[in-house]
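Residue numbers (our numbering), protein chains in the order written: chain A, 4 to 647; chain B, 219 to 479. Every residue gets a Cβ at the ideal spot worked out from N, C-alpha and C, and that includes glycine. For reference, the structure discussed in these notes is given below.
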């Protein structure tokens, strides 16, 4: 199959406008004849479901949570980018586009990113109209702050709870459509398979998480807005339920998976404290606006600190190494995430890490507290400081925070064309679930932007183009494909329940996470990746022969839910390793130790690897087939990314 | 370990946990022992330890709701030693850490108790009543697109900040669990006052408050008797002031609108 990105012709600034004119429309009175399934109710899903229902389509929205408001978008802290240029500091659609392509280390599709920057301004208007309480200045106008990878202030925020406020906005729009009867909401309902009829997406199979019932749902089109797969690593900043199952099952039904090895390691997370740890907590990137990152200048000082012989506040200025400010004077502490993470790891590898494990660096607020006041700092970051204090038992107003990188976001995802359609006709992927906009590294405050751009302003146009070419006949679950998919799902659930081995789902998940973090995490090399691949294959065998569950499948059974997700993570983990092995270059979050500049920065290979790796499923235990979408850059010049 | 208190010793605890098979069967308290609990663990990580032990022994793990474990999604909902989200003020269950407990403690863990929140299983409850209250009017009726520029309507910072404070409600239901009447007034008032304070919400403020209060009653939540346990136990500090705003909005709507009988 040839990958057709369907990028419209013409200058970059006119592509989206032209495309919106060229797509086919569904006549308003015909829209009610079409059913659309939206899986996931986070920013991308809730905004899509609400917007499609407003247009007149019949929407069925699914979430495995007890309420759409629980989706993990809610945890995003720092903000959302938009090219409003309210600050008069030189921002523009073009600059946001440029920053995002560069920030993604030139592995994203120009046309998609430009569209994202264009609609970013509409998102802010939309959210304010919904009653989202963004931060404001005393004059009553909206406030902005800056984020990594940008030299302008374009980030809109609601204290440290921007994701929550945006999600509640989208949730309110969704709720309104539920009340109107245009959206039927299915909570505690997990998608376990995609149904295709004649090669087209025609429905999904779900499991009711309260009763265990396997249910069939048909529609004219299916939108997956099911988030990212960071939990492959077991420990990540993702919520506990975040998983890849819906996307992975769609992949096995024909949707290509793009750039799976592009994962983002966020530099500022609270370090691991023990083996029992269930997840990691992010400290927003916005903290790097005022916090200064440092380690002791020498190994010896770091060692004495770790042993508790000296106190952090006794270390003199001269004995501290503000390594980001030293190495990247232009961007300082606000270098992009991949650069900040890698440098923190480097410092720890050199023995200068702090905390009893030596796997942490300091994020210090002493200067800003001195310059302004503790109160002013609390106004800006109060809830983050409180959260840090609760988790660590330390007071960040008095001693610097200890931070360490952790898995946070996945840039890879289902391959989609310009219309956000996957390689399965009628199946769309939006938000973190797709691969489209962030290349090999996502800039801060861009995930919220992309989720809402896709849901509010892209999919409502592009899905119409597909539906207009689909007969408005009612769809049913009568096609044998539904019965087949249902039987397969039931068989799999039965299989999981009947292994009767000795190891829990968490046990396998931790083992997988450890392999992924060690060999396919912040830095990778061919030897380690090959080792990880064989270990993962072995783990898969063990999983299917030694898994232990309890209870039954006809009731609420959280261990069973987890087991199904871990099984999919194991398979996806192997594909991530394959992808990392294929990409013999370093770019963004993908750092192959064999490919670095003399200064230790990522060394891209644009001649051979300026492509999107789109993996095609070939059947159980078969190697996947690599398809390439070549990336062409007509507007942004490919350069060695420099933040010096 | 890199935790705050390297000298804190691991703890052994007795847990008294509410177990209930499903919505229709009766439940009861079951005792469990957990050993070597680190003070740096979160409360839910302590339950993870219990559940891993149970599963390894072939017993069913304790079902409970949780997700983000950062105190923002509102999923977790445990009634610990007679208090919603446990002994620490302004904290969700997931952000409660074991350093708040001592070796040898007995901890009683129950689900939210309210008619409007039926128990699904063990510690998991059904809070879809909250969703239906929001569906009754907790929104501004704007469609996607066609909205004015975000800076077209300036909003005084103090008004915007107050709206934000109300908007931070995480929908966990602690207010209902803490209330002797199982009233949902704090939850409903938070949304009503957020939208009543903002100019964008003014157009529909009367119908909104009437419809949301009507739905609250349909769901079977109790009446408010101004005790204030809700605000005292709210993990994100939603203020009792919101209930006053709700009452004012409601009376004013009832006096001036004829939307509802």
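- Burial state of residue 349(B) is buried, judged by a 10 Å Cβ sphere holding 16 or more other Cβ atoms.
- Under the Cβ criterion of 8 Å, residue 353(B) is counted among the residues facing chain A.
- Proximity of the region 437 to 457 of chain B to the region 388 to 408 of chain B meets the contact definition, three or more beta-carbon pairs being nearer than 8 Å.
- Counting along the chain, the unbroken alpha helix (DSSP H) around residue 561(A) starts and ends at 561 to 585.
- Excluding residues up to 5 positions away in sequence, 336, 337, 338 lie with their Cβ nearer than 7 Å to the Cβ of residue 241(B) in the same chain.
- In this structure, residue 215(A) places its C-beta atom within 8 Å of the C-beta atom of residue 557(A).
- Judged by pairs of C-beta atoms under 8 Å, the region 509 to 519 of chain A does not touch the region 231 to 241 of chain B, as fewer than three such pairs exist.
- For residue 183(A), the number of other beta carbons within 10 angstroms of its own is below 16, and it is reported as exposed.
- Here residue 375(B) carries a helix assignment [DSSP, helix/strand/coil].
- Spatial neighbours of residue 435(A) in its own chain (CB-CB distance under 6 Å, excluding positions within 5 residues in sequence) are listed in chain order as 230, 231.
- For residue 240(B), the nearest beta carbon of chain A is closer than 8 Å to its own beta carbon.
- Bounds of any alpha helix (DSSP H) do not take in residue 443(B), whose DSSP letter is neither H nor E.
- Any Cβ of chain B closer than 8 Å to the Cβ of residue 102(A) would place that residue at the interface, and such an atom is absent.
- Among the residues facing chain A, residue 297(B) is not included, as its CB has no counterpart in that chain under 8 Å away.
- The count of Cβ pairs closer than 8 Å, one atom from the region 355 to 373 of chain A and one from the region 162 to 178 of chain A, stays below three, leaving the stretches out of contact.
- For the pair residue 290(A) and residue 384(A), the CB atoms are nearer than the 8 Å cut-off.
- With respect to the 8 Å criterion, residue 385(B) and residue 412(B) are classified as neighbours on the basis of their beta carbons.
- Closest option to residue 487(A), judged by alpha-carbon separation, among 199(A), 459(A), 450(A), 41(A): 199(A).
- With respect to the 8 Å criterion, residue 141(A) and residue 266(B) are not classified as neighbours on the basis of their beta carbons.
- For residue 548(A), no CB of chain B lies under 8 Å from its own CB, so it is not counted at the interface with that chain.
- In the three-state reduction of the DSSP assignment, residue 640(A) falls in the coil class.
- Close to chain B, meaning a Cβ-Cβ distance shorter than 9 Å, are the following residues of the region 54 to 75 of chain A: 54, 57, 58, 68, 69, 70, 71, 72, 73, 74, 75.
- Between residue 281(A) and residue 263(B) the beta-carbon gap is near 5 Å, inside 8 Å, which marks them as a contact.
- The CB of residue 231(A) never comes closer than 7 Å to any CB in chain B; the least such distance is about 14 Å.
- Secondary structure in the region 286 to 328 of chain A: the alpha helix (DSSP H) runs of 4 residues or longer, each lying completely within the stretch, are 302 to 309 in chain order.
- Going by DSSP, residue 236(B) is part of the beta strand (DSSP E) stretching over 229 to 237.
- One Cα belongs to residue 574(A), the other to residue 312(B), and the distance between them is close to 30 Å.
- Taking every protein chain shown into account, the CB of residue 380(B) has 16 or more other CB atoms within 10 angstroms, so this residue is buried.
- Contact note: residue 348(B) reaches chain A through 70, 72, using a C-beta cutoff of 9 Å and chain order.
- Judged by DSSP in its simplified three-state form, residue 255(A) adopts helix.
- Under the 8 Å criterion on CB atoms, residue 381(B) is classed as interfacial with respect to chain A.
- Secondary structure at residue 420(A): coil, using DSSP grouped into helix, strand and coil.
- Look at the region 193 to 205 of chain A: it has no residue with a C-beta under 7 Å from a C-beta of chain B.
- For residue 447(A), no chain B residue has a Cβ inside 8 Å of its Cβ, as the nearest lies near 17 Å away.
- Any Cβ of chain B closer than 8 Å to the Cβ of residue 171(A) would place that residue at the interface, and such an atom is present.
- For the pair residue 85(A) and residue 118(A), the Cα-to-Cα distance works out to about 12 Å.
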